[in-house]
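Q: Have a look at the structure that comes next, please.
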């Protein structure tokens, strides 16, 4: 008889719903940190070595699908089903910027220098926000073949890798070279 695989949702202490994304910061002078995204709409920051709770980022109105920290772990970002991506002060928990989208946002990533935020989601569009000029319109990169599930920076911010699915469940990866 073939053994059946069962998916068990991961729940972190403090979250009320399943955890859907985890991100470890690079090592900083204060150690390293872990941020978790959950369907409960509240990303949480923890000490990376002990798992001790540091704080909760409150302000999203829907599930948070992605989260990340900048290279110094001074700012956090989150992508949500409430059609927004938010940037937070990781030390105080204060919301610094909210970037509205037209559909669910599933991915977010800081550039290595932390000056840009990359987002993607159900709109099938990658957006690059200049965090030095948050009021400026985002740079939009060509439409993806499907909903964006993951987006990340490569090669010191010169290249973007995105992963998406179409309605048939097929995964595509696309590489974008920025000029």
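Residue numbers (this note's numbering): 54 to 232. Heads up, the beta-carbon is just placed ideally off N, CA and C, and yes, glycines get one too. All of these numbers come straight from a predicted model, not from anything done at the bench.
1. Have a look at the DSSP bridge pairing and note the partners of residue 192.
2. Rounded to whole angstroms, what's the CA-CA distance from residue 76 to residue 188? Just pull it up for me.
3. Checking contacts by CB at 8 angstroms: is residue 94 closer than that to chain C?
4. Is residue 94 helix, strand or coil by DSSP?
5. Could you give the first and the last residue of the continuous beta strand (DSSP E) run that contains residue 128?
6. Closest to residue 68 by C-alpha separation, out of 120, 90, 142, would be which residue?
7. If you draw a straight line from the C-alpha of residue 171 to the C-alpha of residue 163, how long is it?
8. Between which two residues does the beta strand (DSSP E) carrying residue 151 extend?
9. Span of the beta strand (DSSP E) holding residue 74?
10. Measuring alpha carbon to alpha carbon, tell me which residue in 144, 95, 135 is nearest residue 110.
11. Sorted by chain position, which residues of the same chain lie with C-beta nearer than 6 angstroms to residue 120's C-beta, five sequence neighbours on each side aside?
12. Which residues in the same chain as residue 201 place their Cβ atom closer than 7 angstroms to its Cβ, once the five residues preceding and following it in sequence are excluded?
13. Mapping DSSP to helix, strand and coil, what is residue 208?
14. First and last residue of the beta strand (DSSP E) that includes residue 82?
15. From residue 181 to residue 193, what distance separates their C-alpha atoms?
16. Bridge partners for residue 234 per DSSP, in chain order?
17. Just to confirm, are residue 92 and residue 126 a CB contact at a threshold of 8 angstroms?
18. Would you list the residues sitting across from residue 106 in a DSSP beta bridge?
19. Here's the rule I'm using: 16 or more other beta-carbon atoms within 10 Å means buried, otherwise exposed. How should residue 196 be labelled?
A: Taking the definition as stated:
1. 181
2. 27 angstroms
3. The chain inventory of the structure shown lacks chain C, comprising one protein chain alone.
4. coil
5. 128-133
6. 90
7. 6 angstroms
8. 148-153
9. 72-77
10. 95
11. 74, 76, 88, 90, 96, 131
12. 159, 160, 173, 174, 177, 179, 215, 217
13. helix
14. Segment: none, residue 82 is in no beta strand (DSSP E) and carries neither H nor E.
15. 7 angstroms
16. Lying before the first or after the last residue shown, residue 234 is absent from the chain, which here runs from 54 to 232.
17. no
18. 99
19. exposed
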